[in-house]
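Chemist: From first to last, the protein sequence lines stand for chains W and E. The opening position of the first sequence corresponds to residue 308 in this note's numbering, with each subsequent residue numbered one higher. The opening position of the second sequence corresponds to residue 12 in this note's numbering, with each subsequent residue numbered one higher. Let me begin by handing over the structure; questions about it come next.
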Amino acid sequence: MLKKVFQRPKYLKKTVFHYCPGCGHSIIHRLVAEVIEELDIGEKAICVPPAGCAVLAYNYIDVDMGEAPHGRGAAVATGLKRTLPDRIIFTYQGDGDIAAIGTAETIHAANRGENITVIFVNNGVYGMTGGQMAPTTLLGQNSTTTPGGRDQARDGAPLDLSQMLAIAMGSVYIERTAVNSPKNIRRTKRAITKAFRTQIEGLGFSLVEIISPCPTNWKMSPVDAAKWVEEVCTKVFPLKVIKDEVGKIA
Amino acid sequence: MRGSHVIAEAATRAGCRFYAGYPITPQNELTEYMAGAMSRLEDGTFIQAESELAAINMVIGASMAGARAMTSSSSPGISLKQEGISYLAAQELPAVIVNTMRGGPGLGNIAPSQGDYFQATRGGGHGDYRTIVLAPASGQELADLTRKAFEYADDYRTPVIILGDGMMGQMMEPVEMEEPIDLRKLPPKPWILDGAAKRPSRLIRSLLLDTSVEEEHNWKLFRKYESITREISRAETYQTADAHLVVVAYGTASRIAKGAIKKVREMGLKVGLFRPITLWPFPKGALLEWSRRVRDFLVFEMSTGQMVEDVKLALEGRSNVHFYGRPGGIVSTPDEIAKEINSLYHRQHLEED
């Protein structure tokens, strides 16, 4: 008797991912689709994809999708959620989208306590445009606009947006995870589940920051990129629960 | 009622249930009225946004979810909203945007102006699109055109601009309001995002990487704009039947022009007014009709001359087009315009039939 133990999640379309080898987006897409299925929110979920590599998320995740201008995900999600409070609204944003051009929208959505969920994928570069410096690029890290490495005096230091959002009174649950190893992938899935539960229970703003390798723009092999996440990225952006007030409110 | 309040009340009665805005003079009364109006409705949402950009993007979200949604601002703020207006046009989302124009460019001043005509009628943001632009000229029309704005936005799935100015926003006139609509009686919107329950998932996007798909999308928008041009172009004429000279003006300028025409009529000058109510689509056909009978047109604007270009395009060189305008927030008096009409009338030798 054979038993099916692994299959395509219900809310993941039957398409081949266009993402580069070793990119974290396809793993994160799958995790989001699995969580949507497990929480049975596929008929209520509306995703706001960003500008960036993940703009094509609608080719993969099979829920309603409304594309936001670059950085405006949290504002578009606010309009959706306030109009349809019983639906599950989430944005899927990269680090350039959320922590540079969309900083204001994100901080104020968190501060208002908008009952939305943000999937924040941090790969330390602008991927789709070819590897320019992002707000999260590490000091010394090479990018096409920081030849010789990011220099604090010239380029500023990496911005920890999740910490900033934790200060906002309206944010409820913020966790930073990574998708560079099976252990971290499982932890990421638990975090995404908890973030959606936070919204389902109507508690307020939830966000999962996921450190995700970008071998193409980091100019590394997928294996080296995964290792670099562990050994370098997480030293600057430690994996941890940054804020959890779920218990206090619920 | 005050002009700004008229728009806000008419919007609420037209079924507006989502308003997001950011403080800017001279239109704060509209935002403040919406704060009260939305809070009194069980299904109303008012958000004072952190920026003009956030406000227009919240409107995008509300519109995706099917709400009748509005934002408002004044010139510098409308410049900031152009990103969202381009996306609304591209994603074919209905929304109403009120621009209470003030003196510019830059920060300018808070006096009434008509300097944003080009921005409003040429799309305003990036890309190949148009927005419907309505130009009310009285308290009653503020109410009526606000109702129309929401209807046009839904009918054509496109952003609609109500283009007023500080004078329109502040003036007090008696207004008869229409009864509030019953939202349940509006036609369903089979394109909104409300969760893919018992239907395939939907996508509202504007990224079309395939150039042939983007081209077809642009032609689709173009065909829509052609229908709009055929179906909603509107203008008012005043004392034009026997006119030898027709003044062309919209909004506040048209009221000043009317005052001036009354004065010159008393002196026996045969002068009329052509007032575009839709600035885009510009009522070209109606104006061209008048060129059969009228040799001279005087365009009057509270700017250095923007609509005058549309008048010239509409008249196709068949008549003489003259211009008088004052920019920077200067509001001409009817006497000033009457003097201008008088001098032009005699210079062009328009006395004889």
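Don't be surprised by glycine CBs; every beta carbon is placed ideally from N, CA and C. Just so you know, these numbers come straight off a predicted model, no measurement behind them.
With three or more C-beta pairs closer than 8 angstroms as the rule, is the segment 145-160 of chain E touching the segment 325-342 of chain E?
Modeler: The segment 325-342 of chain E is not in contact with the segment 145-160 of chain E.
Chemist: Would you mind listing the beta strand (DSSP E) stretches within the segment 29-103 of chain E that are 3+ residues and don't spill past its ends, in chain order?
Modeler: Listed in chain order, they are 56-59 and 79-84.
Chemist: Sorry if obvious, but does the Cβ on E:R266 come closer than 8 angstroms to a heavy atom of the ligand NAP?
Modeler: No copy of the ligand NAP appears in this structure; indeed no ligand is present at all.
Chemist: Are the segment 419-433 of chain W and the segment 395-408 of chain W touching, with three or more C-beta to C-beta distances below 8 angstroms?
Modeler: Taking 8 angstroms as the limit for Cβ pairs, the verdict is that the segment 395-408 of chain W does touch the segment 419-433 of chain W.
Chemist: Please report the Cβ distance between E:G177 and E:P123, rounded to the nearest whole angstrom; I am assuming they are in contact, meaning their Cβ atoms lie under 8 angstroms.
Modeler: As a working mapping, residue 177 of chain E is identified with position 166 in the second sequence. As a working mapping, residue 123 of chain E is identified with position 112 in the second sequence. Rounded, the Cβ-Cβ distance is 4 angstroms, consistent with contact.
Chemist: Identify whether E:L324 lies in helix, strand or coil by the three-state DSSP scheme.
Modeler: Here residue 324 of chain E refers to the residue found at position 313 when the second sequence is read from its first residue. Looking at E:L324 - three-state DSSP - the assignment turns out to be helix.
Chemist: Do W:V530 and W:G386 have their C-beta atoms closer together than 9 angstroms?
Modeler: Numbered from 1 along the first sequence, position 223 holds the residue referred to as residue 530 of chain W. Numbered from 1 along the first sequence, position 79 holds the residue referred to as residue 386 of chain W. No, the pair does not count as a contact, with Cβ atoms beyond the cut-off.
Chemist: Taking C-alpha atoms, which residue in E:T344, E:D253, E:E187 and E:S244 lies nearest to E:S366?
Modeler: Residue 366 of chain E falls outside the range modelled here, since chain E spans only 12 to 364, and no answer is possible.
Chemist: Near E:S97, what residues of its chain come up, given a Cβ to Cβ distance below 8 angstroms and the 5 sequence neighbours on each side ignored?
Modeler: Position 86 of the second sequence holds residue 97 of chain E. Cβ neighbours of E:S97 beyond the five flanking positions: G134, G135, G136, H137, G138 and Y140.
Chemist: Between W:A340, W:P465, W:K320 and W:K321, which has its C-alpha nearest W:T500's C-alpha?
Modeler: For the purposes of this step, residue 500 of chain W is taken as residue 193 along the first sequence, with counting starting at 1. Among W:A340, W:P465, W:K320 and W:K321, the Cα nearest to that of W:T500 belongs to W:A340.
Chemist: Between E:L118 and E:E94, is the Cβ-Cβ spacing less than 9 angstroms?
Modeler: The sequence position of residue 118 of chain E within the second sequence is 107, counting from 1. The sequence position of residue 94 of chain E within the second sequence is 83, counting from 1. No. Outside cutoff.
Chemist: To the nearest angstrom, how far is it from the Cα of E:A325 to the Cα of E:E53?
Modeler: Within the second sequence, numbered from 1, the residue matching residue 325 of chain E stands at position 314. Within the second sequence, numbered from 1, the residue matching residue 53 of chain E stands at position 42. Each residue's Cα considered, the two are about 47 angstroms apart.
Chemist: Given that W:K317 touches chain E, what residues does it touch there, using C-beta distances under 7 angstroms?
Modeler: Residue 317 of chain W sits at position 10 when you count from the first residue of the first sequence. The contacting residues do not exist; W:K317 stays about 11 angstroms from chain E at best.
Chemist: Between the segment 40-63 of chain E and chain W, which residues of the former have a C-beta closer than 8 angstroms to a C-beta of the latter?
Modeler: Of all residues in the segment 40-63 of chain E, T56, I58, A60, E61 and S62 have a Cβ within less than 8 angstroms of some Cβ in chain W.
Chemist: Using a C-beta cutoff of 9 angstroms, does E:V70 count as contacting chain W?
Modeler: For this step, residue 70 of chain E is matched to residue 59 along the second sequence. True, the Cβ-Cβ gap to chain W drops below 9 angstroms.
Chemist: Any contact of the segment 201-215 of chain E with the segment 370-389 of chain W, i.e. 3+ C-beta pairs under 8 angstroms?
Modeler: These segments touch.
Chemist: With 8 angstroms as the C-beta to C-beta threshold (strictly closer), list the residues of the segment 469-488 of chain W near chain E in chain order.
Modeler: Answer set for the segment 469-488 of chain W: empty.
Chemist: Check whether the Cβ of E:K209 lies closer than 9 angstroms to any Cβ atom in chain W.
Modeler: Here residue 209 of chain E refers to the residue found at position 198 of the second sequence. Cβ-Cβ to chain W under 9 angstroms: yes for E:K209.
Chemist: By the DSSP assignment, the beta strand (DSSP E) with W:Y480 in it spans what residues?
Modeler: Along the first sequence, one-based indexing puts residue 480 of chain W at 173. Element bounds for W:Y480: S478 to A485.
Chemist: Buried or exposed for E:T36, please, with buried defined as at least 16 other CB atoms from any protein chain shown within 10 angstroms of its CB.
Modeler: One-based indexing of the second sequence puts residue 36 of chain E at position 25. Classification of E:T36: exposed, given that the 10 Å Cβ count is below 16.
Chemist: Going along chain E, which residues have a C-beta under 8 angstroms from W:R504?
Modeler: Here residue 504 of chain W refers to the residue found at position 197 when the first sequence is read from its first residue. By Cβ distance, chain E contributes nothing, its closest Cβ being about 18 angstroms from W:R504, past 8 angstroms.
Chemist: Per the DSSP calculation, W:I518 is bridged to which residue(s)?
Modeler: Position 211 of the first sequence holds residue 518 of chain W. W:I518 is bridged to W:N429 and W:A485.
Chemist: Taking the alpha-carbon positions, what's the W:A352 to W:L346 distance?
Modeler: Within the first sequence, numbered from 1, the residue matching residue 352 of chain W stands at position 45. Within the first sequence, numbered from 1, the residue matching residue 346 of chain W stands at position 39. If you take the alpha carbons of W:A352 and W:L346, they lie about 11 angstroms apart.
Chemist: I want to verify the contact list: residues of chain E whose CB lies under 7 angstroms from the CB of W:I353, in sequence order.
Modeler: Translated into positions along the first sequence, residue 353 of chain W becomes position 46. Those within 7 angstroms of W:I353 in chain E are L204 and G206.
Chemist: Count the other CB atoms, across all protein chains shown, that sit within 10 Å of the CB of E:S223; report buried if there are 16 or more and exposed otherwise.
Modeler: Start at 1 with the first residue of the second sequence, and residue 223 of chain E comes out as number 212. Result: exposed.
Chemist: Bridge partners for E:L284 per DSSP, in chain order?
Modeler: For the purposes of this step, residue 284 of chain E is identified with residue 273 of the second sequence, where counting begins at 1. E:Y249 and E:V258.
Chemist: Nearest by alpha-carbon distance to W:P316: which of W:A473, W:H336, W:T413 and W:A358 is it?
Modeler: Position 9 of the first sequence, counted from the start, is the residue given in the question as residue 316 of chain W. Nearest of W:A473, W:H336, W:T413 and W:A358 to W:P316, Cα basis: W:H336.
Chemist: Please report whether the beta-carbon of E:G88 lies at a distance below 9 angstroms from any beta-carbon of chain W.
Modeler: The residue given as residue 88 of chain E occupies position 77 in the second sequence. Closer than 9 angstroms: no.
Chemist: Can you find the residues in the same chain that come closer than 7 angstroms, C-beta to C-beta, to W:E548, ignoring five residues on each side of it along the sequence?
Modeler: Sequence index remark: in the first sequence, residue 548 of chain W carries index 241 (1-based). This sequence places Val at residue 548 of chain W; Glu is not what is there. Correct list, in chain order: E482.
Chemist: Leaving out the 5 sequence neighbours to the left and right, which residues in its chain are closer than 8 angstroms to E:I372 when beta-carbon positions are compared?
Modeler: This structure cannot settle anything about residue 372 of chain E, because the visible part of chain E is limited to 12 through 364.
Chemist: Given this structure, state the Cα-to-Cα distance separating W:M440 from W:C540, to the nearest angstrom.
Modeler: As a first step, residue 440 of chain W must be located in the first sequence, where it is residue number 133. As a first step, residue 540 of chain W must be located in the first sequence, where it is residue number 233. In a straight line, the C-alpha of W:M440 is about 15 angstroms away from that of W:C540.
Chemist: Which class does W:M435 belong to by DSSP, given the choice of helix, strand or coil?
Modeler: Position 128 of the first sequence, counted from the first residue, corresponds to residue 435 of chain W. Three-state DSSP puts W:M435 in coil, outside helix and strand.
Chemist: Considering only DSSP beta bridges, list what W:R457 is partnered with.
Modeler: For this step, residue 457 of chain W is matched to residue 150 along the first sequence. W:L446, per the DSSP bridge assignment.
Chemist: Assuming contact is defined by CB atoms lying nearer than 9 angstroms, are W:S450 and W:V428 in contact in what I supplied?
Modeler: For this step, residue 450 of chain W is matched to residue 143 along the first sequence. For this step, residue 428 of chain W is matched to residue 121 along the first sequence. Going by C-beta atoms, W:S450 is not nearer than 9 angstroms to W:V428.
Chemist: Could you give the uninterrupted runs of the beta strand (DSSP E) lying entirely in the segment 94-170 of chain E, keeping only those of 3 residues or more?
Modeler: List check, beta strand (DSSP E) in window: 106-112 and 143-145.
Chemist: So the alpha helix (DSSP H) W:K321 belongs to, where does it begin and stop?
Modeler: The residue given as residue 321 of chain W occupies position 14 in the first sequence. Segment: none, W:K321 is in no alpha helix (DSSP H) and carries neither H nor E.
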